[in-house]
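K.L.:
Shown below is the structure under consideration.
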Amino acid sequence: MSHFLINSQKGNTAPSANTANSMLAKQYKLTKADNIKGILNKGKQYSSQYFVIKTQETEEPISRFSIVISNKISKKAVIRNKLRRQLFEIIRLHPEETSLKKPHKIVILPRTRALQLDYNRLETELIQTFKAKPVQKDLPTYNHQK
423 MSHFLINSQK
433 GNTAPSANTA
443 NSMLAKQYKL
453 TKADNIKGIL
463 NKGKQYSSQY
473 FVIKTQETEE
483 PISRFSIVIS
493 NKISKKAVIR
503 NKLRRQLFEI
513 IRLHPEETSL
523 KKPHKIVILP
533 RTRALQLDYN
543 RLETELIQTF
553 KAKPVQKDLP
563 TYNHQK
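Residue numbers (my numbering): 423 to 568.
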């Protein structure tokens, strides 16, 4: 689906003036008030070579998303924001594929390799990461018996 409209006066393509329909609604986004750090520390983890996805079940009726892109990914805000916009667009266009069975708070952490992907590959990899089984991080137990 194209995000451009044909400008009939000049005959060229221009970005759509109606950007409200091409963004993920605010109700589906996590904010700082939702304690993203708690999800990062205690959530279940899904991972691939391009993404780490942390999830935490919620009592809310819908899943909510946040995308955290570190300065380590790119020093340039333009590049980080472009990746963030692309990921939110994938979530908006594929709500079934990017959701879990029950409502969750979801934090997506792209890895540096994600910058090398074009949009179509980024879309495929994100959807595949959601379909993966969660990674169990078992803490080591130490038995100090003498």
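Ideal placement from N, C-alpha and C gives every residue a C-beta, glycine not left out.
If you're wondering where the values come from, they're calculated on a predicted model, not measured in any experiment.
At the level of alpha carbons, what is the spacing between Ser496 and Lys451?
P.N.:
Position 74 of the sequence shown holds residue 496. Position 29 of the sequence shown holds residue 451. So the two alpha carbons sit approximately 23 Å from each other.
K.L.:
Helix, strand or coil: which one does DSSP assign to Thr480?
P.N.:
For the purposes of this step, residue 480 is taken as the residue at position 58 of the sequence shown. Reduced to three states, the DSSP call for Thr480 is coil.
K.L.:
Under three-state DSSP, which class holds Ile491?
P.N.:
Within the sequence shown, the letter at position 69 stands for residue 491. Note: Ile491 maps to coil in three-state DSSP.
K.L.:
Which class does Lys527 belong to by DSSP, given the choice of helix, strand or coil?
P.N.:
Reading the sequence shown from its first residue, position 105 is the one you call residue 527. Strand, per DSSP.
K.L.:
Can you list, in chain order, the residues of its chain whose CB lies under 7 Å from that of Ile461, leaving out five sequence neighbours each side?
P.N.:
Indexing the sequence shown from 1 puts residue 461 at position 39. Answer for Ile461: Lys476, Gln478, Lys527 and Val529, listed in chain order.
K.L.:
Using a Cβ distance threshold of 8 Å, determine whether the stretch 485-502 contacts the stretch 528-548, with at least three qualifying pairs required.
P.N.:
Yes, the stretch 485-502 touches the stretch 528-548.
K.L.:
Grouping DSSP H, G and I as helix and E and B as strand, with all else coil, what is Met423?
P.N.:
Here residue 423 is taken as the residue at index 1 of the sequence shown, counted from 1. Interpretation of Met423 is limited by its pLDDT of 34, a score under 50 that renders its predicted location unreliable; the figure taken from the coordinates is listed afterwards. Coil at Met423, not helix or strand.
K.L.:
What did DSSP end up calling Tyr468 once you bin it into helix, strand or coil?
P.N.:
Position 46 of the sequence shown holds residue 468. Note: Tyr468 maps to strand in three-state DSSP.
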